[in-house]
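First the structure, in the form of structure tokens, and then the observations on it.
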Amino acid sequence: MFITFEGPDGSGKSTQILLLAEHLRAAGREVLTVREPGGTAAGERIRALLLGEGGAVEINPRADALLFNASRSQLVAEVIRPALARGTTVIADRFADSTLAYQGYGSGLPLDELRAVISFATAGLTPDLTVLLDLPAEEGLARKSGDGRTRFEEGFDAAFHTRVAEGFRALAAAEPARWRTFDARRPKGELADEIASAVGLATLRQ
Ligand code: TMP
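Residue numbering for the sequence shown follows the working numbering, starting at 3 and increasing by one per position.
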């Protein structure tokens, strides 16, 4: 099973992914967690470039889309598909929907063109279940400290992040069979329990 977590910056995805992975492992499942961009040797270098680690460089939104998808392509081929083929549950911290939300709704690139890039990069791999941790964009940004902030959090304005958050909601509404939306402001234990039961139900459906 391939599960992805999406949401605005600061929505608490990494904490919830850790808790879900622990829960599934305790139930006897093999679980692999990955993060985007990154997760492979090539992907980590692309990540450093994209997030401006070691000094931000100018990157236009189309180049952003291609770099995120180059990292994604490597991750799919090298890590995700082989793990799924072994029967491992893969949980990804961001996947293709982040390109649609950030480069599409955020930066204004056409969604159909981005979908073509994504389909090429992933060779058609789509998640079985996508968890949206929803919260107002400004609350997410406020949760992140100055040091932990990426080029996207520093370099784009509040309106950009609001469009991203709205974009995620629109994507979830358009494909309700794949998405489950949760209020990221809920206490983290309660949220973890709700996510675990949504994943349990989705597993039964498969
Ligand atoms: P994160 O590791 O904190 O999630 O940072 C990744 C940043 O990159 C985040 O601000 C979202 C952004 N991003 C995109 O703009 N497009 C993408 O396709 C992905 C995966 C992430």
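Virtual Cβ for every residue (Gly too), placed ideally from N, Cα, C. As the structure is a computational prediction, the values presented were derived from the model and not from experiment.
Item	Value
Give the straight-line distance between the Cα atoms of Arg-83 and Gly-12, rounded to the nearest whole angstrom.	28 Å
On the DSSP bridge assignment, give the partners of Arg-182 in chain order.	Val-133
Classify Phe-162 as helix, strand or coil using the three-state DSSP reduction.	helix
According to DSSP, is Ala-94 helix, strand or coil?	strand
Is it the case that the Cβ atoms of Arg-74 and Ala-98 are separated by a distance below 9 Å?	yes
Measure the alpha-carbon distance for Leu-206 versus Ile-197 and round it to whole angstroms.	14 Å
Between the segment 171–188 and the segment 124–136, are three or more C-beta pairs nearer than 8 Å?	yes
If Asp-95 and Glu-38 are in contact, beta carbons under 8 Å, what's the gap, nearest whole angstrom?	6 Å
Can you give me the C-alpha to C-alpha distance between Pro-63 and Leu-193, rounded to a whole angstrom?	33 Å
What is the C-beta distance between Leu-111 and Ala-67, in whole angstroms, given that I count them as a contact (C-beta under 8 Å)?	6 Å
Distance, Cα to Cα, Phe-79 vs Glu-156?	According to the sequence displayed, residue 79 carries Ala and not Phe. The straight-line gap from Cα to Cα measures roughly 31 Å.
Specify, as a first and last residue, the run of the beta strand (DSSP E) that Leu-21 falls within.	From DSSP, Leu-21 is part of no beta strand (DSSP E) but of the alpha helix (DSSP H) over 15–28.
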